[in-house]
Every structure is written in C-alpha cells, then in structure tokens.
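Residue numbers (our numbering): 74 to 247.
C-beta atoms are modelled at their ideal positions from N, C-alpha and C, and glycine is treated no differently.
Read through the structure below, which is laid out as structure tokens, and then see the notes.
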Amino acid sequence: RTADSLMNILAMQSEAQDSIRNLDEGRQRELETMLSTINKALTGITQSEAKAQIAGPGIIVTISNDFLYKTQAGTEISTKGAALISKLAAVFTLNEGIRINVIAHTDNNGTAKALLEQSARKASAVVTAIAESSTLPGTAYTASGRGMYNPEVTNTSDANKKQNRRTEIVVIMK
Numbered sequence: 074r075t076a077d078s079l080m081n082i083l084a085m086q087s088e089a090q091d092s093i094r095n096l097d098e099g100r101q102r103e104l105e106t107m108l109s110t111i112n113k114a115l116t117g118i119t120q121s122e123a124k125a126q127i128a129g130p131g132i133i134v135t136i137s138n139d140f141l142y143k144t145q146a147g148t149e150i151s152t153k154g155a156a157l158i159s160k161l162a163a164v165f166t167l168n169e170g171i172r173i174n175v176i177a178h179t180d181n182n183g184t185a186k187a188l189l190e191q192s193a194r195k196a197s198a199v200v201t202a203i204a205e206s207s208t209l210p211g212t213a214y215t216a217s218g219r220g221m222y223n224p225e226v227t228n229t230s231d232a233n234k235k236q237n238r239r240t241e242i243v244v245i246m247k
C-alpha cells in the first residue's frame, strides 16, 4: 500500500509539473503575441525613440523623453507621443486583466528631489493619456518616478543623459 501511495503521489506531482509547464508555455505565447502587436504599433518609430521587449512576467515599452514629451522638463505629451500612446492603449484594451506600471526616469541635471518630482509628474501624465484612450479600469494603472536613480548608462555625456531620460510602460499579464 505504501508503494501504491508513493506512486500516486509521484504521478500527481508529475501532472502538476506538466500543468505548470503548460501554463508557462501559454503565458510565453501570450507575451509573444502582445509583443508582436506592440511592435506593429511601433512601426515607423526608430529603436532610439521607442522599443519593446519581454522582461520577466511582462513587456517593457521604453519611450525616449524627446519623442514622448513636448519639452525635456515638461509633462505635456507631444503629438507623436500622443499618437503612440493611443495605439498602445488600443493594444492594452484588447488584453483584459493586465496591469500597467508607468515609470519615468531623468538624467542627473538637478536636485534629487526636483528630479523625483519631475519624473513622477511625467509618469502620471502618461498614465492619464493611456487611461483616456483605454477601457481598462483605473486600478490597472500605477505611475512612479525614479528621477536619476535608475540610469540605463552613466550620466557622463549628453548622449548618455539623453538615453537616461525615458519613460517605461511595464505591462504585466495577469
């Protein structure tokens, strides 16, 4: 009887592992499908202006500050940025249950406090723009500003500072 019980437990564990593997494969397919759709929305936009990639359990869409906002320090979305956000919002609306975290980053020109506040305002402006173009519930969104604290590269040149001024739209599948 003990041997039969052990065999049953092993069989159940094997089935559970297969189920998890199938879920992981299904989630990966969902991510790849969404990434493909997002990349279609990015058609005609250079990689330095906006790019998307799968990262962990979701997708990160990184948009340059110069493309997304009218001015470097401002929060007003540019015409090109608004058009892109509208396209992305349409993609997000097709995927119920997703969560969207918008994270804005700056370079290191200014005080830490001012840069954190500026990046938080930028992230909030993007969340507002997405929410206005989407049917996702308000609880699907968060906005956060990281200021100068998460640079992609060191802030040692104008080109590097430009690269660090960015907004990331992190899409997490449910």
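What's the C-alpha gap between A123 and G117?
10 Å
In the DSSP assignment, the alpha helix (DSSP H) including I158 goes from what residue to what residue?
152 to 166
Evaluate contact between the stretch 200 to 219 and the stretch 103 to 119, counting only Cβ atoms and requiring at least three cross-stretch pairs below 8 Å.
no
Hey, could you find the ends of the alpha helix (DSSP H) N138 is sitting in?
Residues 138 to 141.
CB-CB under 6 Å to A180, same chain, minus the five flanking residues each way: which ones, in chain order?
Correcting the residue type first, residue 180 is Asp in the shown sequence and not Ala. N228, K234, N237, R238.
Between A128, S207, G183, which lies nearest to G220 when the distance is taken from Cα to Cα?
Among A128, S207, G183, the Cα nearest to that of G220 belongs to G183.
With a cut-off of 8 Å, do at least 3 Cβ pairs link the stretch 127 to 141 to the stretch 153 to 161?
yes
Do G129 and F140 have their C-beta atoms within less than 8 Å of each other?
no
Coil, strand or helix - K124 by DSSP:
strand
Beta carbon of I132, beta carbon of I173: below 8 Å?
no
May I ask you to report which of helix, strand or coil DSSP gives E169?
Coil, per DSSP.
Beta-carbon gap between K195 and T148 smaller than 8 Å
yes
The alpha helix (DSSP H) spanning T227 covers which residue range?
First-last for T227: undefined, no H or E at that position.
6 Å CB neighbourhood of S207 in its chain, flanking five on each side removed:
A162, F165, T166
Is it true that the CB of V175 sits closer than 8 Å to the CB of T119?
Taking 8 Å as the Cβ cut-off, T119 and V175 do not qualify as a contacting pair.
How about I150 and A198: are their beta carbons less than 8 Å apart?
Yes, these two residues count as a Cβ contact at 8 Å.
Could you check what DSSP says for R194 in three-state terms: helix, strand or coil?
helix
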